[in-house]
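Comments concern the structure below.
Protein chains: 2
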Amino acid sequence: MKIALDAMGGDFGPSNIVGGAAMALKEYRHIERLFLVGDTPQIEAELKKLKCNDRRIEIVHATQVVDMCDRAVDAVRRKKDSSVSRAVDLVKKGDATAIVSAGHTGAAVAATTIKLRTLPGVDRPGIAAVIPSETNVFVLIDAGANSDPRPEHMLQYAIMGSVYSRHVLRYKKPSVGLMSIGDEDMKGSDLTKEVFKMLKQSDLNFRGNIEGHDLFADPVEVVVCDGFVGNVILKTCESIGDAIFNWLKHELMKSGARMAGAYLARNAFKTIKKKVNYEEYGGMPLLGVNGICIIAHGASTPKAIKNALRVAAESIEHQVNPHIVEEVSRHHEKAASLEPALQ
Amino acid sequence: MKIALDAMGGDFGPSNIVGGAAMALKEYRHIERLFLVGDTPQIEAELKKLKCNDRRIEIVHATQVVDMCDRAVDAVRRKKDSSVSRAVDLVKKGDATAIVSAGHTGAAVAATTIKLRTLPGVDRPGIAAVIPSETNVFVLIDAGANSDPRPEHMLQYAIMGSVYSRHVLRYKKPSVGLMSIGDEDMKGSDLTKEVFKMLKQSDLNFRGNIEGHDLFADPVEVVVCDGFVGNVILKTCESIGDAIFNWLKHELMKSGARMAGAYLARNAFKTIKKKVNYEEYGGMPLLGVNGICIIAHGASTPKAIKNALRVAAESIEHQVNPHIVEEVSRHHEKAASLEPALQ
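Which chain is which? The protein sequence lines are A and B, in order. Residues in the first sequence are numbered from -18 upward in steps of one, following the working numbering. Residues in the second sequence are numbered from -18 upward in steps of one, following the working numbering.
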């Protein structure tokens, strides 16, 4: 498989990205080619530092980088030679099957949507974040591609999230919950009330509305929400996890007995920290585009980039896109067959 | 001060509510009268169990209870003799200054808004949740009163949240952040982009957009969001805090050494648990109604109810409502004076 990696995106520039590329190539023998897209001298310098001369690497030069303050669509239109745009071009031309970027999320979404278009039957792509609960992992979709979706977009998110859950995470009949502000059917915003009706009519395994406190206590396998809410949930989870560990650390340093206790229990902390560490999950697939695009965390470490490349490989292997096309088409047919009955 | 307590609301019926009332009366001597509104025999039975015969208690009989599956506005219109409606009536008649309810949030919001109306200059009330971070506490507004606000409602939330932060939490010049999905000015949903412009023009201490991961890492003192997003944040925070502690407990039980460690460090855990325990915060003021209304957690323990009564007392003492009227009017005047300049 062939993957294009935006080597310039992310908060720490090319060093973490190239570092992750080198790690991934060592671990994943099935990557046949890895395009590192960006400023050639910087990429070469990083490879040299790492003493990495893997022949599967091909550097593709790009002179521009999308800044965090650029507007997404503008960035695609104006910075034609940006690393993310050039990486998407490789997928468009068929040289690569997937792109991975830790840069400006909006720009990655816009570039792939504009250049690769969406899959047949899908109007807008959604970001699927995989989030750990105590007993399982669940897919949160949309985690930030589309802040102002229409109800039908959210139905498509539910379908795509279910496909991903079934084919990649191996849940047989993934349960779907609609993020809302009350368990009862009629509760929610104007938007979620519309989506509720659509999900109820679909043949997804729809469990109804779920609330913030169901996320970890009584988790469903697919959580559907608009991209604004999803992004807030994702970042809040990161934030509060870190906050609790910081407070705990601070408290544990307050006496000798506590410090001794923390030492004895250190492996318990390590296990949890690993579980809530986004690095392990690596990247979030942008589902619904005609190609594979993995959004990595802006603050990605090399390990996170390595895992984002793993996620890209999984999406290719599990044929996520053909399955999405099939499922969406089935839902459209079912909806069309229901329409006369509803009149 | 005189407070009306909806004795029937909440997941556990009158026992926790009446229990909380008894605790509060012991602790807060400045409560002159506490109306317990609901089914008299049930309330009397609870008081008897607790051997509580405090003379400041007055039972006000109400024959109905709002169920969680009732629609908020319908509940107010149809269940005229519900405990929450009758409690609000006491405030309307001037018999009580504040109402506290752990029942159906939407019904409490609707009953107070319909019967007491909003404060002059305020269009829609917002729930202000006080949330702990490592270094301080912050106000999140709106935490669930209004899922589909207009931009001007959110400006009013920012003003009211600042007033509460200044007068009750004692922050001198509370910093205000707008919950969004990117730090940069132009990022967000259609709604938050409009609100951003309004906040920028206001003379609030506006810090710009904040993201989920700023909530605890780099907290502002007032976080503004729509009621849907706020409710999701609030419940997600509760959920993930509990989840992490459950995982940790599970991990700590896995070996003798870990259990010994946990024992030595037990006070550190207790401190954190106390800090993230909603019981300590008790209730969330519904700001903007012409009266004082405190929304308590549906799963309130007696201690949480006691603290909700404390929050009601604080709102009365600190004259939150007159301060809101003054601030909102100042902002309206400023906006009116700016208008010609903008044309």
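Note that beta-carbon positions come from the ideal geometry of N, C-alpha and C, so glycine has one too. Since the model is a prediction, treat every value here as computed from it, not as a measurement.
Item	Value
List the whole-angstrom C-beta distance separating LEU150 (chain B) from PHE177 (chain B), where the pair is believed to meet the contact cut-off of C-beta under 8 Å.	About 24 Å; that fails the 8 Å criterion.
In the DSSP assignment, find the unbroken alpha helix (DSSP H) run with GLY237 (chain A) in it and report its ends.	237 to 245
Which residues in the same chain have their Cβ closer than 7 Å to the Cβ of VAL54 (chain B), if we skip the five residues on either side of it in sequence?	ALA91
Should LYS7 (chain A) be labelled buried (16 or more other beta-carbon atoms within 10 Å of its own) or exposed?	exposed
Rounded to whole angstroms, what's the CA-CA distance from ARG239 (chain A) to ALA246 (chain B)? Just pull it up for me.	4 Å
Helix, strand or coil, according to DSSP, for PHE119 (chain A) in the structure here?	strand
Let me know if CYS50 (chain A) comes out buried or exposed under the rule of 16 or more other beta-carbons within 10 Å of its beta-carbon.	exposed
Excluding sequence positions up to five away, which residues of its chain have a Cβ less than 7 Å from the Cβ of PHE209 (chain B)?	SER128
Excluding five sequence neighbours on each side, which residues of the same chain lie with their C-beta closer than 8 Å to the C-beta of ILE95 (chain B)?	VAL54, VAL57
Which chain B residues are close to SER281 (chain A), counting only those with a beta carbon under 8 Å from its beta carbon?	What SER281 (chain A) touches in chain B: nothing, since even the nearest Cβ is about 14 Å away.
When you compare the CB of SER114 (chain A) with every CB in chain B, is at least one pair closer than 8 Å?	yes
Please state the DSSP three-state secondary structure of LYS230 (chain B).	helix
Who pairs with PRO113 (chain A) in a beta bridge, going by DSSP?	A:VAL118
Assign MET(-11) (chain B) to one of two classes, buried (16 or more other C-beta atoms within 10 Å of its C-beta) or exposed (fewer than that).	buried
Could you check the C-alpha separation between ALA285 (chain A) and GLY263 (chain A) for me, to the nearest Å?	4 Å
Quick one, are the C-beta atoms of SER143 (chain A) and LEU172 (chain A) less than 8 Å apart?	no
Taking Cβ-Cβ distances below 9 Å as the criterion, which residues of the segment 156 to 170 of chain A are in contact with chain B?	MET160, SER161, ILE162, GLY163, ASP164, GLU165, ASP166, MET167, LYS168, GLY169, SER170
Between B:PRO(-5), B:ALA5, B:ARG59, which has its C-alpha nearest LYS287 (chain B)'s C-alpha?	B:ALA5
How about ASP(-13) (chain A) and GLY102 (chain A): are their beta carbons less than 8 Å apart?	no
Indicate whether at least one CB of chain A lies closer than 8 Å to the CB of HIS194 (chain B).	yes
Assign SER318 (chain B) to buried or exposed, taking buried as 16 or more other Cβ atoms, counted over all protein chains shown, within 10 Å of its Cβ.	exposed
So ASN258 (chain B) is in the beta strand (DSSP E); what residue range does that whole segment cover?	Careful: ASN258 (chain B) lies outside any beta strand (DSSP E) and carries neither H nor E.
Exposed or buried, which one is TYR152 (chain A) when buried takes at least 16 other CB atoms within 10 Å?	buried
Rounded to a whole number of angstroms, what is the C-alpha to C-alpha distance between ILE225 (chain B) and LYS251 (chain A)?	12 Å
For TYR244 (chain A), go through chain B and note every residue whose CB falls closer than 8 Å to its CB, in chain order.	GLY242
Would you mind listing the beta strand (DSSP E) stretches within the segment 21 to 50 of chain B that are 3+ residues and don't spill past its ends, in chain order?	38 to 42
Starting from LEU150 (chain A) and walking both ways along the alpha helix (DSSP H), at which residues does that stretch end?	Note, LEU150 (chain A): premise wrong, no alpha helix (DSSP H); not H, not E.
Around the C-beta of GLY11 (chain B), are 16 or more other C-beta atoms found within 10 angstroms, so that it is buried, or is it exposed?	Residue 11 (chain B) is actually His in this sequence, not Gly. It counts as exposed.
Give me the DSSP bridge partner(s) of ASN186 (chain A).	A:SER156
Does any CB atom of chain A fall closer than 8 Å to the CB of VAL213 (chain B)?	yes
To the nearest angstrom, how far is it from the Cα of GLY163 (chain B) to the Cα of ALA293 (chain A)?	25 Å
Less than 8 Å between the CB atoms is what I'm expecting for GLY237 (chain A) and ALA243 (chain B), so what's the real figure, rounded?	GLY237 (chain A) to ALA243 (chain B), Cβ: 16 Å. No contact.
Between which two residues does the alpha helix (DSSP H) harbouring PRO(-5) (chain A) extend?	-5 to 8
Would you tell me roughly how many angstroms separate the C-alpha atoms of ALA249 (chain A) and ASP20 (chain A), rounded to the nearest one?	43 Å
Identify whether SER318 (chain B) lies in helix, strand or coil by the three-state DSSP scheme.	helix
When you compare only the Cα positions, how much space is there between ARG311 (chain B) and LEU180 (chain B)?	14 Å
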